[in-house]
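Below: the structure, in structure tokens.
Residue numbers (our numbering), protein chains in the order written: chain A, 54 to 378; chain B, 54 to 378.
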């Protein structure tokens with residue numbers, strides 16, 4: 054019997070309007086729609102090997118055998134794919150990231166987008182990107198956005214077939230630069246996977262979700278019109294809204310570190326002084342500082358002059374799912 | 054003509070359930086009720102001199118002539134008192150604090166409580182503490198609470214006569230210790246006086262207010278039962294809720310400094326390790342760390358071992374309004 058394999062590459066994305074909380078956890082229907090930019094230069098490469106002789110799934114990440122919890126999550130996701138495509142073979146998965154995990158760069162987004170795509174190639178299926186977006190959503194909500202390049206909106210939807218992401222503008226539309234400021238490589242105490250389940254324990258989550266449609270509209274408009282100032286205001290507000298919910302959930306999630314606050318305040322001050330900069334922060338301490346191509350070198354110098362900055366990754370609008378073959 | 058004078062002393066207070074935003078700014082009716090502890094050891098002493106010969110009010114704080122903005126605010130408050138008591142003389146005011154202003158210790162609370170009380174003595178009036186609480190509310194909302202000793206609740210009310218504070222337990226009820234951690238003496242960019250007007254620009258303020266009745270009930274219960282763990286959870290949640298609103302108002306108010314985040318996380322960790330500690334933070338970077346009489350020395354040592362801690366003031370449940378004569 055021939056051993057089948059398939060490979061795919063996906064990049065993480067950073068959301069301007071963030072996904073936090075599910076209205077249906079089982080179907081992974083998010084409480085609100087979200088809007089992101091796929092990040093170039095950062096990638097997860099995944100190969101899936103299928104073999105009827107395997108008695109269980111296995112997972113190697115960056116050359117190391119994964120622990121039971123990541124394997125369990127991946128295996129559960131594979132079960133969904135197997136059921137969807139009427140398959141039964143177990144899979145051996147090899148995945149490599151070119152960026153550090155657990156730092157607020159959404160590694161689960163690129164991981165599950167690449168895994169969904171690689172799996173379909175291994176079984177000889179060629180679903181379109183909408184179907185891939187729906188499928189990868191079951192692994193990690195934000196993976197649905199990493200299927201697409203450039204600027205991407207994920208519609209919350211009322212049922213599974215309506216909850217997928219689409220590109221709203223290609224990478225060439227706007228040459229934004231994302232300076233990803235690494236303040237620490239420590240693993241998070243509570244990952245975003247577990248955090249989503251806490252969202253509804255915050256007395257503020259409902260209000261955040263209710264207000265989301267107008268933020269999505271403003272954010273989409275800002276991107277389509279390349280309106281930096283509008284995007285700055287709405288992205289910082291949305292980031293603060295998500296962290297407000299995290300800070301007030303039970304138990305509270307305090308993802309910020311001292312350096313995070315320093316960067317938030319510095320970036321706001323720089324913008325008041327006339328620099329085109331804004332921040333957005335995922336479920337971790339690191340700060341994404343957006344700026345323009347023209348100003349990114351001077352902004353980078355300012356960032357590196359601050360204490361507690363360990364490293365800065367430079368990213369721009371990037372590609373969606375792709376295949377190395 | 055005899056020059057009349059009156060003096061009073063008031064202490065600041067720290068709220069477990071915080072006042073943020075007004076439902077009626079003109080009448081200073083707060084959006085939600087609040088609950089606080091009056092702080093001993095810290096005080097504002099104020100003397101009001103009345104003289105028909107004065108052509109305008111004057112204000113000396115800590116030996117220095119106050120600038121036009123503080124004088125304008127005080128003079129506007131005196132107008133309310135003059136109208137209420139059918140008076141017309143201008144006032145020369147001397148006020149002294151034994152604690153640094155602009156550090157998140159609510160100096161306006163003790164200032165306006167002391168001013169209201171000193172003024173009534175100067176005109177020979179002896180209103181009861183409920184009336185004093187109502188009157189001082191017009192100077193600063195939280196001043197209504199500083200009239201009373203110990204543990205104090207301010208009822209929001211629907212009209213001015215219903216919006217006053219009352220003691221719910223005397224200072225002797227519970228020997229809590231408040232370690233007030235000074236991380237910086239810089240004056241705030243936006244004081245709480247201006248900040249209240251921004252509360253309703255946050256998409257989260259309504260939800261914070263709606264949820265307040267249950268927090269007030271839990272907090273009152275925690276205090277009456279001396280339930281430290283319940284008070285810890287509810288006070289930290291309430292503090293985070295207020296800062297969540299601040300962070301998401303337009304413009305956002307980021308009162309926290311890097312040291313604030315470090316202290317918030319350290320205090321939570323210490324509590325998880327078994328120490329009776331919790332934090333609450335007013336409109337400033339400094340952190341109030343509550344603990345018990347037994348543990349306060351070991352907590353103090355832990356606090357002083359952290360970086361960015363400039364000073365720690367130690368306070369306990371304190372007296373309300375009092376008269377030096």
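Even for Gly, the Cβ is constructed at its ideal location relative to N, Cα and C.
Task: Interface partners of residue 301 of chain B on chain A, CB under 7 Å - done: Those within 7 Å of residue 301 of chain B in chain A are 290, 293, 294, 297.
TODO: Can you grab the Cα-Cα spacing for the pair residue 226 of chain B / residue 73 of chain A, in whole Å?
DONE: Answer to the nearest angstrom: the Cα atoms are 42 Å apart.
- [ ] Determine the DSSP secondary structure at residue 75 of chain B, reduced to helix, strand or coil.
- [x] Residue 75 of chain B carries a strand assignment under DSSP once its states are collapsed to helix, strand and coil.
Task: Interface flag, residue 321 of chain A vs chain B, CB-CB below 9 Å - done: Interface residue, yes.
Open item on the list: I want to see whether chain A comes within less than 9 Å of residue 315 of chain B, judged by CB atoms only; does it?
Closed with: Yes, its Cβ sits closer than 9 Å to a Cβ of chain A.
Task: Delimiting residues of the beta strand (DSSP E) encompassing residue 144 of chain B - done: Per DSSP, residue 144 of chain B belongs to the beta strand (DSSP E) from 144-150.
- [ ] Quick one: measure Cβ to Cβ for residue 343 of chain B and residue 229 of chain B, integer angstroms, because I've assumed they're closer than 8 Å.
- [x] Right, their Cβ atoms sit about 6 Å apart.
TODO: Please report the Cβ distance between residue 92 of chain B and residue 65 of chain B, rounded to the nearest whole angstrom; I am assuming they are in contact, meaning their Cβ atoms lie under 8 Å.
DONE: Contact between residue 92 of chain B and residue 65 of chain B holds: CB atoms are separated by about 5 Å, below the 8 Å threshold.
Task: Chain-ordered chain A contacts of residue 235 of chain B [CB-CB under 8 Å] - done: Going along chain A, no residue has its Cβ under 8 Å from residue 235 of chain B, so there is no contact; the nearest lies around 16 Å.
Task: Beta-carbon separation (whole angstroms), residue 373 of chain A vs residue 200 of chain A, contact threshold 8 Å - done: Sure, about 5 Å apart at Cβ, within 8 Å.
Open item on the list: Using only CA atoms, which one of A:354, A:126, A:340, A:194 lies nearest to residue 88 of chain A?
Closed with: The shortest C-alpha separation from residue 88 of chain A is found at A:194.
Task: Range covered by the alpha helix (DSSP H) that runs through residue 261 of chain A - done: Residue 261 of chain A -> alpha helix (DSSP H) spans 258-263.
Open item on the list: Please report the distance separating the alpha-carbon of residue 204 of chain B from that of residue 69 of chain B.
Closed with: Roughly 10 Å between the two C-alpha positions.
Open item on the list: Let me check understanding here. Comparing Cα to Cα, which of A:112, A:146, A:262, A:214 lies closest to residue 76 of chain A?
Closed with: Shortest Cα-Cα distance from residue 76 of chain A to any of A:112, A:146, A:262, A:214 involves A:262.
Task: Rounded C-alpha distance that separates residue 114 of chain A from residue 63 of chain A - done: Each residue's CA atom was taken as its position, placing residue 114 of chain A and residue 63 of chain A some 15 Å apart.
- [ ] Evaluate the contact criterion for the stretch 124-139 of chain B versus the stretch 166-181 of chain B: three or more CB pairs, one atom per stretch, below 8 Å.
- [x] Short answer: they touch.
TODO: Reducing DSSP to helix, strand and coil, say where residue 65 of chain B ends up.
DONE: The answer is coil: DSSP assigns residue 65 of chain B none of H, G, I, E or B.
Open item on the list: Counting C-beta neighbours from all protein chains within 10 Å, is the total for residue 122 of chain A 16 or more, i.e. buried, or is it exposed?
Closed with: Exposed is the label assigned to residue 122 of chain A, since fewer than 16 other Cβ atoms lie within 10 Å of its Cβ.
Task: Bridge partner(s) assigned by DSSP for residue 268 of chain B - done: For residue 268 of chain B, which the question treats as bridged, DSSP gives no partner whatsoever.
Open item on the list: What does DSSP give as the partner residue(s) for residue 344 of chain A in the beta ladder?
Closed with: Residue 344 of chain A is bridged to A:230, A:330.
- [ ] Please list the partners that residue 259 of chain B has in chain A, where partner means a Cβ-to-Cβ separation under 8 Å.
- [x] Those within 8 Å of residue 259 of chain B in chain A are 260.
Open item on the list: Check for me: the alpha helix (DSSP H) holding residue 297 of chain A runs from which residue to which?
Closed with: It spans 281-300 - the alpha helix (DSSP H) in which residue 297 of chain A sits, taken as one unbroken run.
TODO: Reducing DSSP to helix, strand and coil, say where residue 54 of chain B ends up.
DONE: Per-residue confidence for residue 54 of chain B stands at a pLDDT of 47, beneath the threshold of 50, marking its modelled position as unreliable; the derived number appears in the next sentence. Of the three classes helix, strand and coil, the one that applies to residue 54 of chain B here is coil, per DSSP.
Task: Beta-carbon gap between residue 247 of chain A and residue 300 of chain B smaller than 9 Å - done: No, the pair does not count as a contact, with Cβ atoms beyond the cut-off.
Open item on the list: Is there a C-beta anywhere in chain B that falls below 9 Å from the one on residue 309 of chain A?
Closed with: It does; some Cβ of chain B falls within 9 Å.
TODO: Answer with yes or no whether the minimum CB distance from residue 318 of chain A to chain B is below 9 Å.
DONE: It does; some Cβ of chain B falls within 9 Å.
Task: Between the CA atoms of residue 292 of chain A and residue 265 of chain A - distance to the nearest angstrom - done: Taking the straight line joining both Cα atoms gives about 12 Å.
Open item on the list: Could you check whether the Cβ of residue 312 of chain B sits closer than 9 Å to any Cβ belonging to chain A?
Closed with: For residue 312 of chain B, the answer is yes, since a Cβ of chain A falls inside 9 Å of its Cβ.
Task: Residue(s) in a DSSP beta bridge with residue 59 of chain A - done: According to DSSP, which records beta bridges pairwise, residue 59 of chain A is partnered with A:101.
Open item on the list: Do residue 353 of chain A and residue 212 of chain A count as a contact pair if the criterion is CB distance below 9 Å?
Closed with: With a cutoff of 9 Å on beta-carbon distance, residue 212 of chain A and residue 353 of chain A are scored as not near each other.
TODO: With 8 Å as the limit, tell me which residues of the stretch 258-283 of chain B have their beta carbon closer than that to any beta carbon of chain A; keep them in chain order.
DONE: Those would be 259, 260, 261, 263, 264, in chain order.
- [ ] Using only alpha-carbon positions, find the residue among A:147, A:97, A:104 that is nearest to residue 118 of chain A.
- [x] If we check each option's Cα against that of residue 118 of chain A, A:147 comes out closest.
Open item on the list: For residue 305 of chain B, tell me which candidate among A:276, A:359, A:321 has the shortest Cα-Cα distance.
Closed with: For residue 305 of chain B, the closest alpha carbon among the candidates A:276, A:359, A:321 is that of A:321.
TODO: Take residue 331 of chain B and list the residues in its own chain whose beta-carbon comes closer than 6 Å to its own, dropping the five residues that flank it on each side.
DONE: Taking residue 331 of chain B as the centre and dropping the five residues before and after it, the same chain places the C-beta of 285, 288, 289, 343 closer than 6 Å to its C-beta, in chain order.
TODO: Could you work out which residues of chain A lie near residue 256 of chain B, taking near to mean beta carbons separated by less than 8 Å?
DONE: Near residue 256 of chain B (Cβ distances below 8 Å), the residues of chain A are 260, 261, 263, 264, 294.
Task: Within chain B, the residues that residue 153 of chain A reaches when beta carbons sit closer than 9 Å - done: What residue 153 of chain A touches in chain B: nothing, since even the nearest Cβ is about 22 Å away.
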